Every structure is written in structure tokens, then in C-alpha cells.
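Enquirer: Quick one: the structure is below, questions incoming.
Structure, rendered in C-alpha cells:
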């Protein structure tokens, strides 16, 4: 009886670990075989964009975001910048106005968070007859060619676009390197191939582009802790594909301190787990029932959202397989052990390929020595996000907050 229970637990765990591993490796291979070869659309751009920046007490970073918008290589008359000053008690509104942005001030004693801010602001922005909306986080910068890339994609019939997401300071610490590497893998080894193959791409919260027809037909009501994933699921269910492009990028500085990173990742993981519980199985089921591959793939993608949790699942699979081998050895236990070893080996090769593709320097070689320890810390943060529910919404601490604090402590006030 004990052996039966052990095998009943171990077999699904090992199969899931192998399936997740093979899927990600296949996506990475496809990304190199089928690269994103989209070329700029000829002719002058004509899409009128609204760049919407939700901001809650972002005085330390907002100016950089506005400056990046001002430097964009695109006709000035074809884009406008909106800043949502969401329950701010700092200089966010003043900085937005001084930077030439159109200001939307929101005050409320309930419904806190980015999702609620967008739900409130987007109908007002759409009243201005913009053809498309770009959502940009206040701590991010757009590259100069981004709007031209978005214009070309929209003119080719794409309605929802996700730009590549990059870390500006990957070489600062072991944790920022891990964050930069993780985003690189997600974009270049995962979403690039999935987009080329017509599979599900999920929005990443910043660098998101929406044709106004999409926001009109599917108004923004995503207000969970992972509002981007929630809205992605809604669009994919409705048959609206999301296109990924690596020719447009948004860049952000990753928090250096583990405490700041913990706020960000624990909140994201908790929200992601809630979306997975609510959406993954229905998407998988409906994808099979309706014979819609993209819907099925959306459900599967949700299960692969958090790599720390995938690592934890692989460890559980290894432990279960080892117990089977110890309690009731036999051909099946040998097969289970072989499956775990194969998955671990493929993940190792996958990781090495990612490290090489991300780029190696002497500094990064030194940071690689910290990688096992940082992966464990990162996984602990993720697991805490699964277990510990956030009581209230908290703004993610920025890298600039840490630098400002350091300057104050040193007596060098900005």
C-alpha cells in the first residue's frame, strides 16, 4: 500500500518535471531556429500613441522615464505622455507636469494598486482619440525606436504587443545578475519562439501596447496583484493574440537589496499562484474542449510562470523517485530516477546556454559563483510568496530609493 501511494505521487511529479523541462528546451531551440525576423514597415509612421505611466510616489524615478519618452525617435505630434499620479504624497505630480506629461490625479481611500489606477485612467485616455496605448512603469525607460517598432507591428495587424524587458544593472550584485538573466531567458528563450509559432505570450506589466479597439472591446478590469497576467488570460480566451517583439525594449534598474526584491517577488508570486489556481486548469480544459491550441498553451504557460517553483517541483520529484527506489525498488523506480536525472541534465544545459547567450565577462564569471546561493534565496522568496498572503498592497522599493538612502546616510544629500 505504501509503495502504491509513493508511486502514485512520484509518477505525476516526474512526468510534470520532464514535460516542463522539454517544453522550455524546445522553445529555446526554436527561438534560434525561428528567430524574430520582423522588419520595419516601410513608410512614415502614422499611429497616434498615448504612453500611460501609472505612478504611486515615484518622484525618484519618474524623471528618467519622462526623459526616455522625450528622446523617442517618433513625430512629436503623434504621441502624448500621461502620468497617473495615484494617491501620491510626494513630488510625482509636480515632476510629471514639469516634464510635459498630461497629468491624471487619482485620490481614493480604497482600491489601491496599478490595476485599479489603469481601470480608472484608461477610459479617460481613450476619450482623446489615440489609436493605441502604451503602458510603461514609472521606473522603466523605452528605447528610442520603440514607437516605430510598435507602429510597424500595429500596421501589420497585431493588436496587442509586448516589448522585451531588460535589467539596466545586471552586474551590480549576484541578485541583479540573476534577475537580468531570468528576464533574458524569459524573453529570448521563451516568448520569442512562442510568439513566432503563434503560441501564448503573457503580458509583463510594462512595455505593453494595446490597439484602442482591444481596450474598447475588452475594457481593463484586471485589478489583482498580477493584473498583467489576469488581463492576458482574458485576451487569450477572447481570441486576441499577444505578439512579443525584442526590437522594442523597456529597461529598469533592479533593486540591489534582498529586502526590496522580496517585496516585489513575494507579491508577484502570490498573485501568480492565485491566477494559476483560478485560470490554469480551466484554460487547459477549454483548450482541449474547443480545440484551441493557444488557449491550452496559455494554461500550460501559467504553470511555468515561476522558475523557482519549477525548481522546487523538480526537487520534490527527485525526493519522491528516491523514496520509491528505497522503499520498493524495481524497473519503474529506475525509470523515475532516470527521468529526474534527464530533466536535471537538460536544465543544466539550458542554464549554461542561457549564461553564454546573456554574455560573459570577468565580473559575471565572479557573480556566477554566487548563483547557487542566490537561486536558493530567490526560491525562498518565491515560496514565501506562495505561503504568506500580502495583507495590503505595497509599492515595490526601487533601486533609486536605495541610492537616495545611501546618499542621505553618507551626508551627501541630493
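In the working numbering, the protein residues as written are 1002 to 1415.
C-beta: ideal position from N, C-alpha, C; glycine also.
The structure presented is a predicted model; accordingly, all values stated were derived computationally and were not measured.
If the criterion is Cβ atoms closer than 8 Å, does the pair residue 1305 and residue 1021 meet it?
Expert: In this structure, residue 1021 lies closer than 8 Å to residue 1305 by Cβ.
Enquirer: Does the structure place the region 1221-1238 close enough to the region 1170-1182 that three or more beta carbon pairs sit under 8 Å?
Expert: The answer is no - the region 1221-1238 does not touch the region 1170-1182, with fewer than three Cβ pairs under 8 Å.
Enquirer: Buried or exposed, going by whether 16 or more other CB atoms sit within 10 Å of the CB of residue 1357?
Expert: With fewer than 16 other Cβ atoms within 10 Å, it is exposed.
Enquirer: Tell me, to the nearest whole angstrom, how far the beta carbon of residue 1135 is from that of residue 1190; I am working on the premise that it is less than 8 Å.
Expert: Incorrect: roughly 25 Å between the Cβ atoms, too far for contact.
Enquirer: Would you list the one or two residues that DSSP bridges to residue 1083?
Expert: Note: residue 1083 sits in a beta bridge opposite 1053, 1103.
Enquirer: Does the contact criterion of 3 or more C-beta pairs under 8 Å hold for the region 1066-1074 versus the region 1092-1104?
Expert: Yes, the region 1066-1074 is in contact with the region 1092-1104.
Enquirer: Decide if the region 1357-1377 is in contact with the region 1339-1346; the criterion is three or more beta carbon pairs, one per stretch, under 8 Å apart.
Expert: Taking 8 Å as the limit for Cβ pairs, the verdict is that the region 1339-1346 does not touch the region 1357-1377.
Enquirer: Closest to residue 1076 by CA distance: which of 1165, 1087, 1147, 1315 is it?
Expert: Checking every option, the nearest Cα to that of residue 1076 belongs to 1147.
Enquirer: Can you tell me whether residue 1278 is buried or exposed? The criterion is at least 16 other CB atoms within 10 Å of its CB, across all chains shown.
Expert: Per the 10 Å Cβ criterion, exposed.
Enquirer: Please list, in chain order, all residues of the same chain as residue 1234 whose beta carbon is under 6 Å from its beta carbon, the five residues on each side excluded.
Expert: Only 1280 meet the Cβ criterion.
Enquirer: Can you give me the C-alpha to C-alpha distance between residue 1238 and residue 1296, rounded to a whole angstrom?
Expert: Spanning the two alpha carbons is a distance of roughly 6 Å.
Enquirer: Please state whether the Cβ-Cβ distance between residue 1157 and residue 1241 is less than 8 Å.
Expert: No. Outside cutoff.
Enquirer: Span of the beta strand (DSSP E) holding residue 1316?
Expert: Run containing residue 1316: none in the beta strand (DSSP E); it sits in the alpha helix (DSSP H), 1308-1328.
Enquirer: Going by DSSP in three states, residue 1002 sits in which element: helix, strand or coil?
Expert: Looking at residue 1002 - three-state DSSP - the assignment turns out to be coil, as it is neither helix nor strand.
Enquirer: Going along the chain, which unbroken runs of the alpha helix (DSSP H) with 4 or more residues stay wholly within the region 1200-1256?
Expert: Whole alpha helix (DSSP H) segments, 4+ residues: 1213-1218, 1228-1238.
Enquirer: Among 1062, 1126, 1046, 1056, whose alpha-carbon lies nearest the alpha-carbon of residue 1079?
Expert: Closest by alpha carbon: 1046.
Enquirer: Could you tell me the boundaries of the alpha helix (DSSP H) in which residue 1156 lies?
Expert: Here the alpha helix (DSSP H) through residue 1156 covers 1147-1156.
Enquirer: State the start and end residues of the unbroken beta strand (DSSP E) segment that holds residue 1163.
Expert: Its beta strand (DSSP E) spans residues 1161-1168.
Enquirer: Which runs of the alpha helix (DSSP H), 4 residues or longer, sit entirely within the region 1107-1140?
Expert: If we require 4 residues or more, the alpha helix (DSSP H) runs fully inside the region 1107-1140 come out as 1115-1127.
Enquirer: Would DSSP call residue 1019 helix, strand or coil?
Expert: Here residue 1019 sits in helix by DSSP.
Enquirer: Could you work out which residue in 1282, 1352, 1319 is closest to residue 1303 when comparing CA atoms only?
Expert: It is 1282.
Enquirer: Near residue 1288, what residues of its chain come up, given a Cβ to Cβ distance below 8 Å and the 5 sequence neighbours on each side ignored?
Expert: Contacts found: 1294, 1295, 1296, 1297, 1298, 1299, 1300.
Enquirer: For a test of the three-state rule: what should DSSP assign to residue 1143, helix, strand or coil?
Expert: Three-state result, residue 1143: strand.
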